[in-house]
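S.K.:
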Amino acid sequence: MSKWTETIPLDASRRDLNGPLRGARNATMLKVLGAPRAHYTQQCQDPTNPDLIELVVREDVGPFKVKGLRPAVETLRTILAEVKVDQPEIYGLLGHVGMLCCRYVRNSTSAISNHSWGTAIDLTIDGVLDKRGDGRAQRGLLAIHPIFNKHGFYWGAAFPTEDAMHFEASDQLIRDWHGTGRLIAGPAHANSADAGDGVVEFGDRGPEVVEVQRRLAQAISGEIDADGIFGAATRASVMEFQRRNGLTIDGIVGDATLALLRRSTPDPA
Ligand SMILES: [Zn+2]
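Shown next, in the form of structure tokens:
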């Protein structure tokens, strides 16, 4: 066992580990890349979207080969080259358990994992996988995450359910790639209230979802699990809140719904 596989407890500040970077939202991914396939389970399946498949490459990124979305694989190669210089010992221990894998987020039946687009990777150190959800992170992952952040990759240690093995192209990086033509745009099926920075909607994950869920639980006294995953139950609660308050009932937390939700509930602890 290497000292780099030892785990360090993370405190509440783990939510801020990525600075301004945000995990890539389902709305963003669907808008710029389209749906990888029609149906998902908890198991890995291959994408069926031909536009996406065209962007998938299998290449060497330094310590190993990966199969993923072309710009993600290219960025990963840059990141790992920097890890090799800054943290050669950790670099020598790095492995992975997969990049492209179409499935739901673990324990979710609504949020699509970003592995589905091949823009996320789960790393191992010395063959050891960091345990998800225990609020701890391997020392080696902690040491290299700033290099990932520097190149626009978001570290899963900040997810509502800590997932320190996981790194993914951030929402900002995906938009960047889209803006600079590095992605082939998927079919135009994004919904009308898509992808504004302040919008929280179905398929989203993160602290902004936790806030919405906590406020909804107060505002409509619903049985809402503040798990940070915007699924069907959360959407139903949003629609109920909108119905009661005379807002447009679309199940999307846009500016108007968020403002009213914040005004009508005290700040959650
Ligand atoms: Zn992952």
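The sequence shown lines up with residues 82 to 350 when you count with my numbering.
Note that CB positions come from ideal geometry on N, CA and C, so glycine has one too.
#1: Please return the same chain residues whose Cβ sits closer than 7 Å to the Cβ of Arg-316, not counting the five positions on each side in sequence.
#2: Skipping 5 residues on each side, what residues in its chain have a beta carbon closer than 8 Å to that of Lys-84?
#3: Would you call His-270 buried or exposed, if buried means 16 or more other Cβ atoms sit within 10 Å of its Cβ?
#4: What is the DSSP secondary structure of Asp-141, reduced to helix, strand or coil?
#5: If you count every other CB in all the chains shown that lies within 10 Å of the CB of His-120, and 16 or more means buried, which is it?
#6: Just to check, is the beta-carbon of Asp-203 closer than 6 Å to a non-hydrogen atom of ligand 1?
#7: My output table needs one value for Pro-90: the three-state DSSP class, helix, strand or coil.
#8: Just curious, the beta strand (DSSP E) that Trp-236 is in, first and last residue?
#9: Terminal residues of the continuous alpha helix (DSSP H) containing Gln-253?
#10: Do you know how far the Cα of Gly-233 is from the Cα of Leu-264?
#11: When the Cβ atoms of the region 211-231 are set against those of the region 160-171, are three or more pairs found closer than 8 Å?
#12: For Asp-203, report the span of its beta strand (DSSP E) as first-last.
#13: Flag His-177 as yes when its Cβ comes closer than 6 Å to any non-hydrogen atom of ligand 1, and as no otherwise.
#14: Compute every distance between the C-beta of His-247 and the non-hydrogen atoms of ligand 1, then say whether any falls below 6 Å.
M.R.: According to the data block:
#1: Phe-283, Gly-332
#2: Arg-220
#3: Because the pLDDT at His-270 is just 32, under 50, the model does not fix this residue reliably, and the value given afterwards should be weighed accordingly. His-270 comes out exposed.
#4: strand
#5: exposed
#6: yes
#7: strand
#8: 234-236
#9: 252-260
#10: 16 Å
#11: yes
#12: 201-206
#13: no
#14: yes
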